[in-house]
Amino acid sequence: MKNEREELVDKLLSNGYIKTEEVKNAMLKVPREEFMPVENRKYAYTDQPLPIGEGQTISAPHMVAIICEILKINKGMKVLEIGSGFGYNAAVVAELLGPKGHLYTVERIEKLAIAAEENLKRTGYDRCVTVIHQDGTRGFEEEAPYDRIYATASAPKVPYPLKEQLKICGRLITPVGSHNLFQELVCVHRVSLDEYERSSMGGVAFVPMIGEHGWPE
Ligand code: SAH
237 MKNEREELVD KLLSNGYIKT EEVKNAMLKV PREEFMPVEN RKYAYTDQPL PIGEGQTISA
297 PHMVAIICEI LKINKGMKVL EIGSGFGYNA AVVAELLGPK GHLYTVERIE KLAIAAEENL
357 KRTGYDRCVT VIHQDGTRGF EEEAPYDRIY ATASAPKVPY PLKEQLKICG RLITPVGSHN
417 LFQELVCVHR VSLDEYERSS MGGVAFVPMI GEHGWPE
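At position 31 of the sequence shown (counting the first as 1) the number is 267 in my numbering, and the numbers step up by one without a gap.
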């Protein structure tokens with residue numbers, strides 16, 4: 237008999253959200269319940285966003301699958317995430333990166349940054365994930381440039397520090413659009429030092445990215 241996590245992954249596969257073996261195996265491995273407040277753990281394998289406190293949510297599993305498929309992560313890459321939340325998407329990316337890769341994840345709300353760090357430590361992902369508490373619209377200059385950058389909160393436009401911190405041939409994904417509910421998932425490919433190609437990956441709904449190059453407080 238399949239367990240709840242296997243059943244959810246089957247559903248994401250048959251709906252076309254999961255396309256590759258790599259993303260399938262990563263999502264089969266990460267215990268989503270470990271990245272949620274205790275009272276919501278019974279819903280860990282339903283495909284929906286859920287509250288994690290501070291007015292924020294853990295992304296729905298299908299959204300994590302979509303982001304991971306578009307990112308096309310290879311083992312050993314250096315990646316930057318904006319919006320750690322409780323650390324679930326970070327853990328799935330850590331699986332894709334393997335022990336030689338590294339993810340830097342930035343969270344603006346201190347309580348959530350602490351929770352993400354604890355959750356990633358308890359599950360052993362802290363070996364290849366570093367949580368940083370600061371405004372992620374400025375990126376994380378200290379470790380730039382990155383092979384991949386993705387944001388799990390939406391900005392009025394693509395924050396330029398994120399574009400600048402991308403390696404040439406690197407890929408950036410961020411929701412862009414209205415403050416709440418209706419946004420476009422934008423994928424930016426850095427073609428050369430000063431040339432970027434932009435494509436739209438469809439409509440999404442994320443919480444706002446608040447900060448210097450995002451929405452005001
Ligand atoms: N990646 C998370 C999604 C959490 S929701 C997951 O796996 O479920 C998005 C998060 O972005 C929230 O925790 C919010 O506090 C954070 N956020 C919003 N603006 C930010 C900013 N400027 N810098 C860093 N984090 C930000």
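No residue lacks a Cβ here, since even glycine has one placed at the ideal position from N, Cα and C.
Per-residue burial, residue i [other beta carbons within 10 Å of its own, 16 or more giving buried]
i	result
residue 268	buried
residue 261	exposed
residue 250	exposed
residue 426	buried
residue 344	buried
DSSP beta-bridge partners of residue i
i	result
residue 411	421
residue 289	292
residue 444	390
residue 318	342, 387
residue 426	432
Proximity test, residue i beta-carbon vs the ligand SAH heavy atom, cut-off 8 Å
i	result
residue 348	yes
residue 418	no
residue 443	yes
residue 410	no
residue 354	no
residue 284	no
residue 401	no
Opening and closing residue of the alpha helix (DSSP H) in which residue i lies
i	result
residue 250	240-250
residue 298	297-307
residue 280	Neither: residue 280 is in no alpha helix (DSSP H) and is coded neither H nor E.
Residue i, enclosing beta strand (DSSP E) - first and last residue
i	result
residue 431	431-440
Threshold first: 4 residues or longer. Then list the alpha helix (DSSP H) segments lying entirely within the segment 328-413, N to C. Runs of the alpha helix (DSSP H) inside the segment 328-413: 346-358, 396-400.
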